Amino acid sequence: MMAVLTTLLLTGGLIFFLGGAVGILRFPDFYARLHPAGKLDTMGLLLTLGAMALYTAAGGRLGDWLTAIKILLIVALVFITSPTATHAIVDAGVRAGLSPWMREDEGTEHDLAA
Amino acid sequence: MTHPVAPGIRSRFGLSFWLTFIICMITWLVLSGMFDLFHTGLGALSSFGVAWINGHNFAPGAGLGRTLGQWARFAAYVPWLVWQIWRASLHVLILTFDPRMMRRINPRIVSFKSRLNNEMGLFILANSITLTPGTITVFASVFGRFTVHTIDDASAEGLPGKMEERVARIFEA
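For the record, the sequence lines run as chains A and B. Numbering-wise, our numbering puts 106 at position 106 of the first sequence, and it's gapless, one number per residue. Numbering-wise, our numbering puts 1009 at position 9 of the second sequence, and it's gapless, one number per residue.
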């Protein structure tokens, strides 16, 4: 039972990681690419590490639980640092004066630096 | 930034000190995983040191009861946030593998003024927006002006709306 659940979570996480990698290649510009890069990775990490924590905790001994809690602490760390890093990258783009890709048929131009 | 220390937690060994000590000690025990006298003793010693120097920072300004309430409401906010992240992640994942992706996305820069008025609330809102796939906070000022990059119309729709409301609720009362 635990093995099935872990496998499902791991597979789901890997699909998100794959989506992140494909997204970086497919999306049109620097800013759009950050969406799959920064966030699908976070989701993939949550699922894969969640699977590992579950699998470890299933051992049932105290040491196993401590290891599971440590893994969850890693998830918490990533949930704080990942948006910060993503924001730093976006900010670097804005400071360098790169304007985002927009659809041509929408017309209106936006100036990020304004 | 300096906060005036609220009355009642002024004493060095007040409740604030002990809460800091207990949290440090739990962290130590979880990370070390050794429960013999020597290792727990080291942990107690360093936890004491941290709480001695830093204990009053646990409840800056607002007072201890309020801070604890905020922590509790923040803890209630996290599961909701994870649920939002999960929903939005699926949306971006489907977008990524869609052959007609280039016709479905519509990147935009959305600006809005947040009604949150404290820095921690703005920080949590900015990070929550960035964590949710489809939206990235480009800029957030201390006065609540937000600039957000959104990937498509569905992601832009929810801004700031419900998320801001939830964050505001953490700091209520």
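All C-beta atoms in this analysis are idealised placements derived from N, C-alpha and C, irrespective of residue type, glycine included. Just so you know, these numbers come straight off a predicted model, no measurement behind them.
Count the other CB atoms within 10 Å of the CB of N1117 of chain B; is the residue buried (16 or more) or exposed (fewer)? exposed
What does the Cβ neighbour count give for M1102 of chain B, buried or exposed, with the cut at 16 atoms within 10 Å? exposed
Verify whether the separation of the beta carbon atoms of L1019 of chain B and F1058 of chain B is less than 8 Å. yes
What residue from B:M1163, B:V1142 and B:D1153 has the CA that sits closest to M102 of chain A's CA? B:D1153
V1148 of chain B CB to nearest chain A CB: under 8 Å? no
Entirely enclosed beta strand (DSSP E) segments - the stretch 1101-1133 of chain B, minimum 3 residues: 1108-1113
Apply the 10 Å Cβ neighbour rule to E1164 of chain B and answer buried if 16 or more other Cβ atoms are within range, or exposed otherwise. buried
Taking the continuous alpha helix (DSSP H) assigned at I1136 of chain B, which residues delimit it? Where I1136 of chain B is concerned, there is no enclosing alpha helix (DSSP H), although the beta strand (DSSP E) it sits in stretches over T1135 to A1140.
Assign A113 of chain A to buried or exposed, taking buried as 16 or more other Cβ atoms, counted over all protein chains shown, within 10 Å of its Cβ. Here the model assigns A113 of chain A a pLDDT of 46, short of 50, so the residue's position is not dependable, and the following value carries that caveat. Counting Cβ neighbours within 10 Å, A113 of chain A comes out exposed, since fewer than 16 surround it.
Please report the straight-line C-alpha distance between P1160 of chain B and S99 of chain A, rounded to a whole angstrom. 23 Å
With a threshold of 8 Å between beta-carbons, can T1002 of chain B be considered close to chain A, or not? At T1002 of chain B, the pLDDT of 48 sits below 50, so the modelled position is not reliable and the matter cannot be decided from this model.
Compute the Euclidean distance between the alpha carbons of G63 of chain A and A1126 of chain B, then round it to the nearest angstrom. 37 Å
Which chain B residues are close to I69 of chain A, counting only those with a beta carbon under 8 Å from its beta carbon? V1030
Are the CB atoms of G44 of chain A and G23 of chain A within a distance shorter than 8 Å? no
Exposure of W1028 of chain B, with buried meaning 16 or more beta-carbon neighbours within 10 Å: buried
Provide the residue span of the alpha helix (DSSP H) that contains H87 of chain A, from first to last. L62 to R95
Under 9 Å between beta-carbons, which chain B residues line up against F30 of chain A? List them in chain order, please. Within chain B, no residue comes near F30 of chain A; the closest Cβ sits about 10 Å away, beyond 9 Å.
By DSSP's criteria, V1178 of chain B is part of a beta bridge. Which residues make up the other side? An answer regarding residue 1178 of chain B cannot be provided, because it is not within the stretch 1001 to 1173 covered by chain B.
Taking Cβ to Cβ, would you say L115 of chain A is nearer than 8 Å to L9 of chain A? This structure cannot speak to residue 115 of chain A, because chain A is shown only from 1 to 114.
Got a sec: is the Cβ-Cβ distance from F17 of chain A to anything in chain B below 8 Å? no
Once the 5 residues before and after M52 of chain A are set aside, which same chain residues still bring their CB inside 6 Å of it? I71
Would you report the Cα separation of I1022 of chain B and F1038 of chain B, rounded to the nearest angstrom? 18 Å
My assumption, with CB atoms under 8 Å, is that L5 of chain A sits in contact with L54 of chain A. Please give the rounded CB distance. 7 Å
Just verifying my parser: in three-state terms, what is the DSSP assignment at L41 of chain A? Sequence check: residue 41 of chain A is Asp here, not Leu. Looking at D41 of chain A - three-state DSSP - the assignment turns out to be helix.
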